[in-house]
Structure formats: C-alpha cells, structure tokens
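Novice:
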Amino acid sequence: MKNYFKFMLMFVGLISSAQQYQWTGASGDIDFFNELNWKDTSTSEIPSNNSINPGENIEFELFISCEVSAENEIYLGENGKITIVNGELNGDSINGLGSIILGESSYLNLENSYPLHEGLSITFESNKSWIRLLNLEPNSAYYYYHDNFFEENQLLSYPETLRVDNYYNGSIIRPNLENNSLLTVFSDFNLNGEFANITTNDVHIDEFIPDNLNDDISSFILKKGYMATFAENNDGSGNSKVFIASEEDIVIEELSNYLNNKISFIRVIPWNWVSKKGTAGDVQYMNNDWFYKWSNNGNSDLDREYTPMAWGKGAADDNNDIEIIKSKYKSTHVLGFNEPDDCNGQSGQYGNMCVVDTSLTYYKNLLKSGVRMVSPACRQGAAFDWLNEFNSKAIEANIRIDVIAVHWYDWGSNPQNSPNANPQDVYNRFVNYLDSVYELYGLPIWITEFNANRHRNEWVHRQFLQLALPFLEETNYIERYSFFPPTTQVANFFDSNNNFTQIGELYNGFISTKSIAESRYVSSSNLDSENYDFDQIECNPDDEFLSVNSLGLSEEIFVYPNPSNDYININYDEEIWKLQIINMNGEKINIKPSNSSIDVSFLSKGIYILNFNNNFIKFIKN
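Residue numbers 10 to 631, in the working numbering, belong to the letters of the sequence shown in order.
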C-alpha cells in the first residue's frame, strides 16, 4: 500500500545557504574522504579536490545515506555538520566542535578508544538510531559524553531519555524517547495492507494491538538493536517466537503458518549485547557483561546486565512479579526456578514446586513478561529426568522454553574420595554432560552454576577452568556461563585482602566472545525450530535525498489554509492512495487515507512537505 521504506530528506529554498553536499557513492567505493562520492545539493557538482581530508577542518554540511566508511579521523569545524538519514557511517573517530544529526534509521559506529571529541554536539532526531563505540565500555562512555547528546535542543539524561547499553567490549548510546516504535507490523504479506507501529517495552495484547491488527499480522519490520516476542495467546503462551535484530533490521515479508494471523501478544524491548562470561552473584571486577543473583531484586549497572531469576513460586505467582521482570533495565531474559527438582532443598521444598505440574503452572505465568525464557536450572542429573518431564509437558501445553539452564558439579565421579582428581578427566565429563544435554533438547545452554566440586583442591579447579573456558567460548550451543566458586572457599576469586587469587586472575583475564553472534537471530524453542530467510531492503542514495529541483512541488494541487493551526485540506478529488507528512529532517509520518481533511494539530511549528499520491506540497504549521 505504501512505499514505506524510502526515507527522504527534503532540502527546500529556505534552509541555510551554507555549502551542502550529499552522499552519492558514485565512485563505486564507500570512502568518506573520496570527493567523487559527493555532490552539491543545489548544483550537483562534486567537491573540489582535497576539500574532504582526514584530520582537516570540514566547515560545510554533509548528508549521508546508505553505508559510508571513514578509516581515518573526521574533523568537523565549528560550522561543520554531518546528517545521517537511513544510513550508516563507520569510522575511527570524529574530532572538532561541529555537530552530528542522527535522523531516521541512522547509525554511527566508531572504533577508537577515544571516539568522539567532547566539544561535538550530537542530536538524535529519531529513536531508530544509535552511536556504537566499539572499544569504549559504557561507564567510560557515560563519563566522557553524558552532556553531548540532545533531542530538540534538550539535553538527554541517562537513563530516563538516554540509553547506554553494553556492546561486548564497547557500548551503544541511543535515545530513550517516549512512544518510540521500532516494530512495524502489516496485515498482508510483503509489508502491505494495514500497518501499525508497536511501541517498545509495553505488552500489547488482543484489542490493544493498534489498528485492529489482533490476529491479523502477516509481515513485519523490526529495527536493529531490538528484540520482539510474538505469541498466539494474550498470556504469551501458544505458538510463540522471539526475533532478535541484533545488528541488522529483520524484515519478514511472509510469516509462516505457525504465526501468520495468530498474533495476540507482542512485546518489543531494546536488545543488549553481552558476552558469554557472567557471574553467579553480583561479583565486581570480573570483566563480565552480565550477572544474576538468585532473585528478581537486582539491577543492571552501566557495565553489566542483570538477569532476573524467579527463584521459586513466590517470584512467579502474581502479576506484580511480572511487572518486576518487565521493569528491569537491560534485561532481555528471565531465569526459571532454582533446583525445583529438589523436594528437600532450594525452591523445590516450598509450595510443592518439586512436582512438575506445579512448577509448570508458575513458569507459564512468566511468559507474560515477553522476554526470552530460560528453563528451571536443576541439579546435575535432573536435566535428564525432572527437566525432561517438565519440557515434555511444556510442549503439550504450548509453553515456550528458549534456553536450557544447567548446574554441574561433577557429582557422578565420587568427588568426596578424589580431591586430587585429574583435571582432564573432570573436563571430559563436563563436556560429555553438556553434549548430552544439548543432544536431548537441541536448545542453547546457560551453565548458571559450575565448578570442579567443593571436595576438590584449588589446583584441580584452576586446571579445570583453564580447559573449560576455551571450550565454552568456542562451542556454539553454549550461550552463557557463570563459574560459581565452591562454598568451601577453596576456589574463590579473591583472597582475604580482596586481591585476585590465581583463579580470580584467570577468570577476570579471560576474554569472552559474543553470546549470540548472529546479526539477525530467530530464536528456536521447545515449540518451534523453524528459521526464516531474511529479506533485504536495498539502499539507493538518490531515493534517500531529494533536492528542491527534484521534488516536483505541485503547482496544480494546493492545501488550505496554509499556514494552519489544526487542519489542512487538499483541493483534489481523486482517490487518496498515499499520504505522508515529511519534516525537514526527512522523518515521515504515514497518514491513513480517509478524506481530504488532515489533522496537523499534533505537529510542532515549522515547515513540512506533504506527499500526496507522490505530489509534494509545502505547508507551514503555526
């Protein structure tokens, strides 16, 4: 119905007369510093030689779309400006006192450990944007740049209006504005028909799915940096699936029969990019991106994601528990119960939770959180009986499990009588166990507690870890892990003076890799392992930027009153099949065609372009 994905930046005569250049990529490469890749927005002439050089002042405006790469430092003078719309700038660093504007679908990726000069002004004009600092962790990024980010001249404030998220060894900074929508769903295949923009964080169910699209969704676009959970039933159960647009947009033009026209539950949340290595407990200084603490009362900090656990029945038996999980900043998963298989200990001793049917009832309630579901973590042997029964009954009841959690302490090897066990043998049993669990369930695994057993000495633990950590990082089905020092204090991270032990040094210094490496990920579950072929939307700079000479502003069609406070009318009596309002930053608002009177009362004061059946008409909002 709509050519939805061509985001156009309009340059009209009353925009600044400063020199402006638009990206074309005409030379065939994506080099920012190649003048042949640019043209004047008014004359279409290319810039003069050596006018765009690394480390030299840029005192004009550059408009970027599609993909552009700058291998050396960009230096923006006081009048220099870079505006990105539907594009991506990959570079080393940006210096100077100029400004950067991030419009619709705009992304800036910088590799230097000091990637931005603190004199730069950076404005987010869309939630569909980010700044990715690949080698500057969140705490340092916030320290250096917390007063550099704006929206409509208002300083953005962390965490209320600005997010600072993990990106493995670096960070991602992005706006956290009200009513942000990063998912668009469509009633027909191929991104056609009626559409609705789904706001983030909220759970949308039944008739609260906008534009009457309950059970009427056949295709969608999820912007990168976000995760979406879809389910058949309004409690999150039934046919359900999680899509993670980690580093690329997910464009699904045809949902399979599993979800097509069956969606009554949607939740979209920001994705957070963590490595595999975590800690069991809120342990500082382990050089890790995530932790949990056997409860739902923890909180993420700048450098670490907190993953809540529903330890037992009391953390999963009412809606307040669900709201607690939903409220957790950065959290994208919930951990199921802690050893519910043990009728005499842990969560299994309370509320009859060691009975599978009881645990399953409360686990189902956790689906309402709309996050990725991690199974209960059982004692070592129970992964093959209690948890297997739990999973089988979950499948029968259409209750989704995305990840299998396990505990492992090498209990099957008579550890009480082998304090000096061969670390290689311990490691071999560990690997065989994990392989067996994966063979049974075929799902990603989190090892949320493990060590070589509390009866073993420090040397065995240390040698075992030296073998185990590379395996955990190299094995695709291992998604996360957290070493848990034994209660006998034999393999602690810190000594009595709070200095690293040898095991602490080993764990801290071990470099972890991406927990989910795919740029676009469709999460398998116990209910469905179907994958999708991803569709791609091509980028053409000529479609993204239109100069005043190419706008084709109509003289035969006009709007009135112009200027207007509330409504504008169009003097045109043909069928309305396309209606968009485009601001001067290129951001579009799609208006559902109904009649020739259009409500513009919600717009800020300024100049806009009305795209009416591909006729472009300028109007002013008072």
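A virtual CB, placed ideally from N, CA and C, is assigned to each residue, including glycine.
Just verifying my parser: in three-state terms, what is the DSSP assignment at S190?
Specialist: It is a strand residue.
Novice: Are the Cβ atoms of N99 and S78 separated by less than 7 Å?
Specialist: Yes, these two residues count as a Cβ contact at 7 Å.
Novice: Would you kindly work out how many angstroms separate the C-alpha atoms of G128 and G34, rounded to a whole number?
Specialist: Cα to Cα, G128 sits roughly 29 Å from G34.
Novice: Among G105, L478, M295, N157, which has the Cα closest to the Cα of E488?
Specialist: That would be L478, whose Cα lies nearest to the Cα of E488.
Novice: What did DSSP end up calling D244 once you bin it into helix, strand or coil?
Specialist: Coil, per DSSP.
Novice: Helix, strand or coil for Y436 per DSSP?
Specialist: Reduced to three states, the DSSP call for Y436 is helix.
Novice: If you measure between the beta carbons of S384 and G360, is that distance less than 7 Å?
Specialist: Not in contact: S384 and G360 (Cβ atoms no closer than 7 Å).
Novice: Quick check: what's the CA-CA separation for N281 versus K339?
Specialist: If you take the alpha carbons of N281 and K339, they lie about 6 Å apart.
Novice: Taking the CB atoms as reference points, tell me whether F493 and E458 lie closer together than 7 Å.
Specialist: Yes; because the gap between Cβ atoms is below 7 Å, this pair is in contact.
Novice: Report the option in A254, R438, Y267 whose CA atom is closest to the CA atom of G247.
Specialist: The shortest Cα separation from G247 among A254, R438, Y267 belongs to Y267.
Novice: From this set, A319, G390, W417, which residue's C-alpha is nearest L369's C-alpha?
Specialist: Looking at the Cα atoms, A319 is the closest of the given residues.
Novice: Using 10 angstroms around the beta-carbon of Y576, count the other beta-carbons present and answer buried if the total reaches 16, otherwise exposed.
Specialist: Y576 should be labelled exposed.
Novice: Rounded to a whole number of angstroms, what is the C-alpha to C-alpha distance between N592 and I618?
Specialist: Answer to the nearest angstrom: the Cα atoms are 6 Å apart.
Novice: Just to confirm the assignment: which complete beta strand (DSSP E) runs, minimum length 3, are found wholly within the region 107-180?
Specialist: Runs found: 108-111, 115-119, 130-133, 138-142, 158-160, 171-176.
Novice: Who are R409's beta bridge partners in DSSP?
Specialist: DSSP output for R409 lists no bridge partner at all.
Novice: Inspect the beta-carbon positions of L452 and I404 and report whether they are closer than 7 Å.
Specialist: No, these two residues do not count as a Cβ contact at 7 Å.
Novice: Between which two residues does the alpha helix (DSSP H) harbouring F72 extend?
Specialist: Looking at the DSSP string, F72 is not in any alpha helix (DSSP H); the run it does join, the beta strand (DSSP E), is 70-79.
Novice: When the Cα of Y447 is compared with those of V364, S534, F502, which residue comes out closest?
Specialist: With distances taken between Cα atoms, Y447 lies closest to S534.
Novice: How would you label T341, buried or exposed, when you count the other beta carbons within 10 angstroms and need 16 or more for buried?
Specialist: Answer is buried; the Cβ neighbour count reaches 16.
Novice: Whole alpha helix (DSSP H) runs in the region 337-383 with 4 or more residues, listed along the chain?
Specialist: Complete alpha helix (DSSP H) runs here, min 4: 365-375.
Novice: Express the C-alpha separation of E169 and E187 in angstroms, rounding to a whole number.
Specialist: Using only the alpha carbons, I get a separation of about 10 Å.
Novice: What are the boundary residues of the alpha helix (DSSP H) that I331 is part of?
Specialist: I331 -> alpha helix (DSSP H) spans 328-335.
Novice: What separation, rounded to the nearest whole angstrom, lies between the Cα atoms of N599 and N175?
Specialist: So the alpha carbons of these two residues sit roughly 33 Å apart.
Novice: Tell me whether R471 sits in a helix, a strand or coil according to DSSP, three-state version.
Specialist: Of the three classes helix, strand and coil, the one that applies to R471 here is helix, per DSSP.
Novice: Which two residues bound the contiguous alpha helix (DSSP H) that contains G513?
Specialist: Taken as a continuous stretch (DSSP letters only), the alpha helix (DSSP H) holding G513 covers 511-518.
Novice: Straight-line CA distance for L125 to S102?
Specialist: Going by the C-alpha atoms only, they are around 6 Å apart.
Novice: Taking the alpha-carbon of L612 as reference, which of F621, N622, N624, F628 has the nearest alpha-carbon?
Specialist: For the residues F621, N622, N624, F628, the minimum Cα distance to L612 belongs to F628.
Novice: Beta-carbon within less than 6 Å of Q28's beta-carbon, same chain only, minus the 5 sequence neighbours each way: which residues are those?
Specialist: For Q28, where only same-chain residues beyond five positions count, the Cβ hits under 6 Å are F69.
Novice: Report the option in N429, N397, P432, S427 whose CA atom is closest to the CA atom of S445.
Specialist: For S445, the nearest C-alpha among the options comes from N397.
Novice: Looking at the C-beta of Q163, does it have a partner C-beta in chain D at a distance below 7 Å?
Specialist: Absent from the structure: chain D. Only one protein chain is present.
Novice: Select from T484, P432, E97 the residue whose C-alpha is nearest the C-alpha of R471.
Specialist: The residue with the shortest Cα to Cα distance from R471 is P432.
Novice: Less than 8 Å between the CB atoms is what I'm expecting for V435 and M382, so what's the real figure, rounded?
Specialist: The Cβ separation is near 31 Å, so there is no contact.
Novice: Compute the minimum distance between the beta carbon of G247 and the heavy atoms of the ligand NAD, and state whether it is under 6 Å.
Specialist: As for the ligand NAD, it is missing from this structure, which has no ligand bound.
Novice: DSSP three-state label for N400, please.
Specialist: Of the three classes helix, strand and coil, the one that applies to N400 here is helix, per DSSP.
Novice: If you check the beta carbons only, do I333 and I275 fall under 7 Å apart?
Specialist: Contact flag unset, no.
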